[in-house]
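Chains as they are written, first to last, in my numbering: chain C, 1 to 98; chain F, 1001 to 1211.
To start, the structure itself, in structure tokens.
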Amino acid sequence: MFKPLDPLLHSELRLAVMSLLIGVEEAEFPYIKEQTGATAGNLSVQLDKLATAGYITVEKTFKGKRPCTLCRITPVGLKAFEEYVETLSQYLNPGAPK
Amino acid sequence: MEEKTNMTAERSLEIIRESIERSQRTIAKNSGLPLMWWGACVMVFALLIEYLWKNHGGPAWHLLWFVMWVVGYIGNRVIDKKKEAVPTTFVGKTIGHVWGTFGIFCGGIGLILGLIGCGVIPVKCVVPDIYVNSLLFMNITSIISLCFGIASTIMGFVLQNRPIQVCGLIAGFGGFFAALHFPMQQMYVMAAVALIGLVIPGLIVHFQSKN
């Protein structure tokens, strides 16, 4: 019996955002937007969902006089991502030992 | 990218792989420029000091190294501002710290030996008789070459890049022994060390991130 995949991460855009954030300390909103190719509105909604679940933190700050939105992955988000990848590997290699 | 939730496991894995690879390429794209810039600075100033020392005076021209730090720092700030904004990564920060530490220690070594040379710090040098007629002379370029090699090799290990590791070893040990054997051509040795230890690794990072 397969473990169900985390529904919050099992979405193209949210998964792409989490994959970007695991490799960096923090990333600005425009960088994530450019890397994922998402629209600003859609990205904001998905970031909110991830932040509400405690997977990421979203900090509104300033870079000089320019407003800046910084996103960081949290330990909860990192654990959820690890579990998601582990479950994925079970789906892809059903015979492999857990 | 939209909010699709009916993905297969293969598609999920593909998204993870693509996102990580694309992000790493973007981050690496501009990280070779500061290495090339600092390497070029060291090369130009080493050759300039060599020329001025030979044709217009003595070793006092070595004070130009402190001008190089200022020029290098200003150029680095300009590069930082012009390159596209990319996130901070652990690897990028580690490389920055390695070269920052190298800069602090080389600046310190230069300052201390300079002050000793000017007599500001009194030091009694004792050379055992067996070394009086030696053909090898320990000098500051040898020590700095080793520091260069250490920093460059660590960078190669952090980036998991074999050619950069080899460049670091050649710059470090090659520069050390070359400066011992050719004490009158120290500045040429320093320029070669900067080329192998900084400029070439910078070019490797730059072109690998483009492919």
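In this text, a Cβ means the ideal position worked out from N, Cα and C, and glycines have one as well.
- C:T57 and C:C71 have their C-alpha atoms roughly 6 Å apart.
- If you draw a 10 Å sphere on the C-beta of F:P1087, you find 16 or more other C-beta atoms in it, and that means buried.
- The continuous beta strand (DSSP E) containing C:F62 extends over residues I56 to K63.
- If you draw a straight line from the Cα of C:V24 to the Cα of C:L88, it comes to about 22 Å.
- According to DSSP, C:L70 shares a beta bridge with C:E28 and C:E59.
- Along the length of the segment 1081–1128 of chain F, whole beta strand (DSSP E) runs at least 3 residues long do not occur.
- In the DSSP annotation of this structure, the continuous segment of the alpha helix (DSSP H) that includes F:A1040 starts and ends at G1032 to N1055.
- Residue burial annotation: F:T1141 is buried, with at least 16 other C-beta atoms found within 10 angstroms of its C-beta.
- Close partners of C:S19 in chain F (Cβ separation under 9 Å): I1015, I1016, R1017, E1018, S1019, I1020 and S1023.
- Pairing F:S1209 with F:A1028 gives a Cβ-Cβ distance under 7 Å.
- For a cut-off of 8 Å, the C-beta gap from F:I1170 to F:P1201 is around 11 Å, too long to register as a contact.
- CA-CA distance, F:I1079 to F:Y1073, rounds to 10 Å.
- The CB of C:E26 comes closer than 8 Å to the CB of P1087 and T1088 in chain F, given here in chain order.
- For C:L8, no Cβ of chain F is located within less than 7 Å of the residue's own Cβ.
- Residue environment analysis places F:T1089 among the buried positions, since at least 16 neighbouring C-beta atoms fall within 10 angstroms of its C-beta.
- Taking the beta carbon of C:L15 as reference, the chain F residues within 7 Å of it are S1012, I1015 and I1016, listed in sequence order.
- By the rule that beta-carbons nearer than 7 Å mark a contact, F:A1009 touches chain C.
- Here DSSP, grouped into helix, strand and coil, assigns F:Q1160 to coil.
- Per DSSP, the continuous alpha helix (DSSP H) segment holding F:H1181 begins and ends at G1175 to H1181.
- Of the candidates F:I1116, F:F1102, F:G1117 and F:A1178, F:F1102 places its Cα closest to the Cα of F:L1035.
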